[in-house]
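Chains as they are written, first to last, in the working numbering: chain E, 14 to 372; chain P, 152 to 470. Here's the structure we're looking at; comments come further down.
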Amino acid sequence: MAHIELKNVTKTFGKQTALRNLDLEIADGEFFVLLGETGAGKTTTLRLVAGLDKPTEGQVFIDGIDVADWGAAERDVALVLQQYSLYPRYTVRQNLEFPLKSKLRRVPDAEIAERVARVAKTLRIEHLLERKTDRLSGGEMQRVSIGRAIVRNPRVFLMDEPLSALDAKLRETLRTELKNIQMNLGQTFLFVTHDQIEAMSMGDKIGVLNKGRLVQSGTPNEIYNNPRNTFVARSVGSPPMNLIDGKLVSGRAVMTAANFELPYAGASGSVTDGRALTFGIRPEDLQVEEGAPVEALVHDIENHGVEKILTLRVGDTTLRATAPAQMRVMIEDQVRFGWDPEKVALFDHGTGMSLRHQA
Amino acid sequence: MAAVRTTGERTLNRVAIASVLIVTLIFLAPIYWIVSTSFKPRNLSTTIPPTVVFTPEISPFVKLFTKRSQLRSAPTPEEYEAAPWWERLVFDGGEKVVRSGRGEVQLSGYPSRFINSLIVAITSTVLAVGMGTFTAYGFSRFKVKGEGDLLFFILSTRMLPPVVVAIPMFLMYRAVGLNDTHWGLIILYTAFNLSFSVWLMKGFIDEIPKEYEEAALVDGYTRMQAFFKVVLPEAATGIAATAVFCFITAWNEYAFALIMTNRRAQTAPPFIPSQVGSGLPDWTVIASGTFLFLLPVAIFTFLLRNHLLRGMSFGAIRK
């Protein structure tokens with residue numbers, strides 16, 4: 014159990030800056046997901062917490078103690094990686110025992126056996142215990158890997174895209190399992206991923222990283238409903254938020270390029286009037302129905318079973334909207350759509366910042 | 152599943168097999184020559200054309216291990232009767248075994264030279280591979296200032312033909328009293344093999360994902376423990392391959408052994424040809440000495456053959 018804090022952390026590798034003035038706080042028992050693209054600095058953050066790298070500037074605190082001088086072994090964190098995380102040539106049992114056999118811990122043999130048995134049961138890998146790790150499937154490997162982390166009862170779990178190398182079905186199963194484990198253990202998890210679905214479905218809190226900077230951190234709901242800028246709006250949600258350039262003219266959103274306009278519910282005033290803006294609207298807040306204000310052509314249809322995702326075309330602009338699965342619609346059909354004026358997010362066109370956050 | 156092959160492919164396959172056979176024969180011919188000569192009676196060893204069919208004899212080996220002198224006259228029948236079977240073989244060759252005043256058989260110089268070879272080759276191999284592995288690990292895992300230059304410098308020690316430094320080395324060794332000592336040769340061979348060992352091991356260690364060690368570090372082990380528990384077992388293949396090459400180099404080294412040693416620490420390579428000059432050249436004895444000398448390398452390589460095969464194709468296996 015631990016509380017983790019990164020204060021003003023900068024990490025450079027030669028001339029490259031991986032992290033820039035990062036401030037991050039993870040509460041005790043929280044499932045914190047760091048979301049970002051490749052090269053955003055997620056893994057670097059994880060390695061700094063693990064003690065595998067040292068920050069160029071700034072401090073890392075675990076339970077309020079500056080751990081600058083602590084090695085990886087002393088920090089008592091567990092690490093699960095995307096691959097190469099199991100010791101080759103060892104059996105599953107030996108892998109699970111490995112952290113307990115460290116001279117640092119001196120766990121008695123009987124307890125080792127008991128703890129390994131308990132973890133193997135939790136993760137349903139009892140039948141694999143005597144098998145060599147190179148004869149496991151990808152899912153089994155990650156299970157063992159997670160097991161090796163749990164068996165130690167560490168202060169923090171660090172996971173670097175542990176599910177990314179697995180196939181979709183398995184990923185979904187393990188996602189649920191991992192979340193359950195975390196809830197049962199009540200431990201602090203720092204989970205790194207590029208997959209926004211993982212972030213949304215597992216995280217108590219999400220931190221969105223972009224080019225070494227923390228763009229926004231908050232609950233999945235906050236991130237989803239109230240993205241701080243267009244980057245977050247684009248990275249979270251599948252399909253992502255529609256972003257349309259335009260401006261506000263006397264309470265109406267006028268899309269200059271696409272040449273259509275829609276009502277806007279929020280207050281307009283000196284801050285917004287005449288300014289170049291980007292309107293953000295989630296696909297589920299776009300309504301495709303007869304009598305709606307704007308005409309569009311159906312550009313593409315994705316049938317997801319529970320719903321359909323339509324790509325609408327207005328001029329050169331494309332928008333994504335969800336529609337009920339039973340809606341009968343064909344490609345190149347003419348439809349009309351409107352939006353929920355309450356759900357529109359406003360971003361400054363130049364900086365991409367949300368006006369709500371600025372205010 | 153039966154592979155369907157066209158006639159062209161089949162012919163190509165046959166040509167490939169034939170070529171492999173021919174190459175193998177070419178490589179095996181000298182070995183056959185040495186092995187067969189070491190079992191020949193002396194008078195058949197230098198016949199033209201070579202004798203292929205003969206009754207194998209053990210006498211060359213008896214001669215190899217004993218000190219002998221030429222017979223001035225044939226042994227008396229009593230002497231011949233009293234001699235053990237192996238001594239008779241020497242009598243048959245026109246020689247007799249030299250005995251001490253108390254009647255003990257005098258050994259030739261070969262066994263001690265052979266043991267010297269083993270001591271020098273094994274120790275220098277262990278040292279070169281050991282130090283090379285540690286050095287390579289350091290270069291592979293840590294940021295070393297001027298890494299490229301240092302590695303080049305290490306390699307550059309191999310660019311000089313060893314014979315160039317032989318005379319200065321001899322003078323230096325004489326000055327510090329290292330000539331004709333085991334340690335002298337061990338240090339020399341270790342130095343020669345070290346650069347090779349560092350480079351080869353670096354290649355192997357670079358191939359081992361560093362995630363393994365990092366996992367061990369996080370699991371509560373020190374860097375050293377992680378190295379021994381995780382890296383070393385993974386590097387076993389590379390270590391085996393490097394060891395075989397270092398061992399062969401040290402085992403077969405001739406020039407320095409000839410210059411630096413003469414008795415106490417002399418190894419087998421300079422000793423074997425020196426037998427040509429003692430009395431009449433007996434090629435069967437030289438062949439038998441060479442044959443026995445081939446065995447350790449052959450056995451060592453045979454034991455490590457699986458590692459070697461994997462080592463040769465390293466890089467293609469992992470990833």
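No residue lacks a Cβ here, since even glycine has one placed at the ideal position from N, Cα and C.
When Cβ atoms are compared, which residues of the segment 102-121 of chain E fall closer than 8 Å to chain P?
Result list: 102, 111, 112, 115, 116, 117 and 118.
According to the neighbour-count rule (16 or more other Cβ atoms, all chains shown, within 10 Å of its Cβ), is residue 446 (chain P) buried or exposed?
On the second sequence, residue 446 (chain P) is found 295 positions in, with the first residue counted as 1. The residue is exposed, with fewer than 16 neighbouring Cβ atoms inside 10 Å.
Take the Cβ of residue 132 (chain E) as the centre, count every other Cβ of all protein chains shown within 10 Å, and call the residue buried at 16 or more, exposed below.
In the first sequence, the residue the question calls residue 132 (chain E) occupies position 119. Looking at its Cβ environment, which holds 16 or more other Cβ atoms inside 10 Å, residue 132 (chain E) is buried.
Rounded straight-line distance, which links the Cα of residue 183 (chain P) to that of residue 173 (chain P)
Walking along the second sequence from the start, residue 173 (chain P) turns up at place 22. Walking along the second sequence from the start, residue 183 (chain P) turns up at place 32. C-alpha separation (whole angstroms): 15 Å.
Please classify residue 372 (chain E): does DSSP put it in a helix, a strand, or coil?
Here residue 372 (chain E) refers to the residue found at position 359 of the first sequence. Confidence in residue 372 (chain E) is poor, its pLDDT being 48 and thus under 50, which makes the residue's placement too unreliable to answer from.
Quick check on this structure: which residue in P:398, P:432 and P:421 has the alpha carbon closest to the alpha carbon of residue 449 (chain P)?
Indexing the second sequence from 1 puts residue 449 (chain P) at position 298. Of the listed residues, the one whose Cα sits closest to residue 449 (chain P) is P:398.
Please report the straight-line C-alpha distance between residue 365 (chain E) and residue 89 (chain E), rounded to a whole angstrom.
Here residue 365 (chain E) refers to the residue found at position 352 when the first sequence is read from its first residue. Here residue 89 (chain E) refers to the residue found at position 76 when the first sequence is read from its first residue. Spanning the alpha carbons of residue 365 (chain E) and residue 89 (chain E) requires a straight line of approximately 40 Å.
Apart from the five residues on each side of it in sequence, which residues of its chain come closer than 8 Å, Cβ to Cβ, to residue 331 (chain E)?
Start at 1 with the first residue of the first sequence, and residue 331 (chain E) comes out as number 318. Result list for residue 331 (chain E): 312, 324 and 325, in chain order.
Please confirm whether residue 324 (chain P) has its beta-carbon closer than 8 Å to some beta-carbon of chain E.
Here the question's residue 324 (chain P) lines up with position 173 in the second sequence. For residue 324 (chain P), the answer is no, since every Cβ of chain E falls outside 8 Å of its Cβ.
Cα-Cα separation, residue 16 (chain E) to residue 171 (chain E):
Here residue 16 (chain E) refers to the residue found at position 3 when the first sequence is read from its first residue. Here residue 171 (chain E) refers to the residue found at position 158 when the first sequence is read from its first residue. Spanning the two alpha carbons is a distance of roughly 13 Å.
Among P:266, P:346, P:188 and P:175, nearest to residue 206 (chain P) - alpha-carbon criterion
For the purposes of this step, residue 206 (chain P) is taken as residue 55 along the second sequence, with counting starting at 1. If we check each option's Cα against that of residue 206 (chain P), P:188 comes out closest.
According to the neighbour-count rule (16 or more other Cβ atoms, all chains shown, within 10 Å of its Cβ), is residue 220 (chain E) buried or exposed?
In the first sequence, counting from the first residue as 1, residue 220 (chain E) sits at position 207. The residue is buried, with at least 16 neighbouring Cβ atoms inside 10 Å.
For residue 299 (chain E), go through chain P and note every residue whose CB falls closer than 8 Å to its CB, in chain order.
By one-based count along the first sequence, residue 299 (chain E) stands at place 286. The premise fails here: residue 299 (chain E) is roughly 44 Å from chain P at the closest Cβ pair, so nothing lies under 8 Å.
Supposed close pair residue 199 (chain E), residue 255 (chain E) - CB separation, criterion 8 Å:
If you number the first sequence from 1, residue 199 (chain E) lands on position 186. If you number the first sequence from 1, residue 255 (chain E) lands on position 242. About 39 Å; that fails the 8 Å criterion.
C-beta contact flag for residue 408 (chain P) and residue 444 (chain P) at 8 Å:
Numbered from its first residue, the second sequence carries residue 408 (chain P) at position 257. Numbered from its first residue, the second sequence carries residue 444 (chain P) at position 293. Contact flag unset, no.
My output table needs one value for residue 27 (chain E): the three-state DSSP class, helix, strand or coil.
Start at 1 with the first residue of the first sequence, and residue 27 (chain E) comes out as number 14. Reduced to three states, the DSSP call for residue 27 (chain E) is coil.
Quick check: what's the CA-CA separation for residue 360 (chain E) versus residue 252 (chain E)?
Reading the first sequence from its first residue, position 347 is the one you call residue 360 (chain E). Reading the first sequence from its first residue, position 239 is the one you call residue 252 (chain E). Each residue's alpha carbon lies about 19 Å from the other.
Counting only the same chain and skipping the five closest in sequence on each side, list residues whose C-beta sits under 7 Å from that of residue 186 (chain P).
Walking along the second sequence from the start, residue 186 (chain P) turns up at place 35. Within the same chain, residue 186 (chain P) has close Cβ partners 442.
By Cβ distance, which residues of its chain are closer than 6 Å to residue 415 (chain P), with the 5 residues on each side in sequence left out?
Stepping through the second sequence from its first residue, residue 415 (chain P) is reached at position 264. The residues are 331.
Below-8 Å beta-carbon distance, residue 110 (chain P) vs any chain E residue:
Nothing in the structure corresponds to residue 110 (chain P), since chain P is present only between 152 and 470.
If the cut is a Cβ gap below 8 Å, which residues of chain P does residue 65 (chain E) touch?
Here residue 65 (chain E) is taken as the residue at index 52 of the first sequence, counted from 1. Under the 8 Å cutoff, chain P gives 365, 368 and 369.
Go ahead and label residue 370 (chain P) buried or exposed: buried means 16 or more other beta carbons lie within 10 angstroms of its beta carbon, across all protein chains shown.
As a working note, residue 370 (chain P) is residue 219 in the second sequence. The residue in question, residue 370 (chain P), is buried, as its Cβ has 16 or more Cβ neighbours within 10 Å.
What residues in the segment 379-397 of chain P have a beta carbon less than 7 Å from any beta carbon of chain E?
Correct list: 381, 384 and 385.
In whole angstroms, what is the alpha-carbon distance linking residue 231 (chain P) and residue 242 (chain P)?
Start at 1 with the first residue of the second sequence, and residue 231 (chain P) comes out as number 80. Start at 1 with the first residue of the second sequence, and residue 242 (chain P) comes out as number 91. Between residue 231 (chain P) and residue 242 (chain P), the C-alpha separation is close to 8 Å.
Write down the C-beta distance between residue 156 (chain E) and residue 104 (chain E) rounded to the nearest angstrom, noting that I regard them as a contact closer than 8 Å.
Residue mapping note: residue 156 (chain E) aligns to position 143 of the first sequence, counting from 1. Residue mapping note: residue 104 (chain E) aligns to position 91 of the first sequence, counting from 1. So it is not a contact: roughly 14 Å between Cβ atoms.
Along chain E, which residues have their Cβ under 8 Å away from the Cβ of residue 298 (chain P)?
To locate residue 298 (chain P), count along the second sequence from 1; it is residue 147. Simply none; closest approach about 13 Å.
Whether or not the segment 387-394 of chain P and the segment 270-288 of chain P are in contact is what I'm after, with contact meaning three or more pairs of Cβ atoms, one per stretch, closer than 8 Å; do they touch?
yes
Which residue wins for smallest C-alpha separation from residue 153 (chain E), given the options E:203, E:184, E:69 and E:194?
Along the first sequence, one-based indexing puts residue 153 (chain E) at 140. The closest CA to that of residue 153 (chain E), considering only E:203, E:184, E:69 and E:194, is found on E:184.
C-beta atoms of residue 321 (chain E) and residue 289 (chain E) nearer than 8 Å:
Residue numbering aside, residue 321 (chain E) sits at position 308 when the first sequence is read from its first letter. Residue numbering aside, residue 289 (chain E) sits at position 276 when the first sequence is read from its first letter. Cβ distance not < 8 Å, so residue 321 (chain E) and residue 289 (chain E) don't count as in contact.
Please report whether the beta-carbon of residue 177 (chain E) lies at a distance below 8 Å from any beta-carbon of chain P.
Taking the first sequence and counting its residues from 1, one reaches residue 177 (chain E) at position 164. Judged by the 8 Å Cβ criterion, residue 177 (chain E) is not in contact with chain P.
Any 3 or more C-beta pairs closer than 8 Å across the segment 84-99 of chain E and the segment 231-247 of chain E:
no
By Cβ distance below 8 Å, which residues in the same chain neighbour residue 364 (chain P) in space, the five residues on each side in sequence not counted?
Taking the first residue of the second sequence as 1, we reach residue 364 (chain P) at position 213. Excluding sequence neighbours, residue 364 (chain P) sits near 292, 374, 377, 378, 381 and 382.
Determine, using beta carbons only, whether residue 358 (chain P) comes closer than 8 Å to chain E.
For the purposes of this step, residue 358 (chain P) is taken as the residue at position 207 of the second sequence. Taking 8 Å as the CB threshold, residue 358 (chain P) stays off the interface with chain E.
Contiguous alpha helix (DSSP H) assignments of at least 4 residues, all confined to the segment 303-335 of chain P
313-327
Would you say residue 37 (chain E) touches the ligand GTP, meaning its beta carbon is less than 7 Å from a heavy atom?
Absent from the structure shown: the ligand GTP. Ligands present: none.
Report the partner residues of residue 45 (chain E) according to the DSSP bridge assignment.
Here the question's residue 45 (chain E) lines up with position 32 in the first sequence. In the DSSP output, where bridge partners are listed per residue, residue 45 (chain E) has E:203 and E:218.
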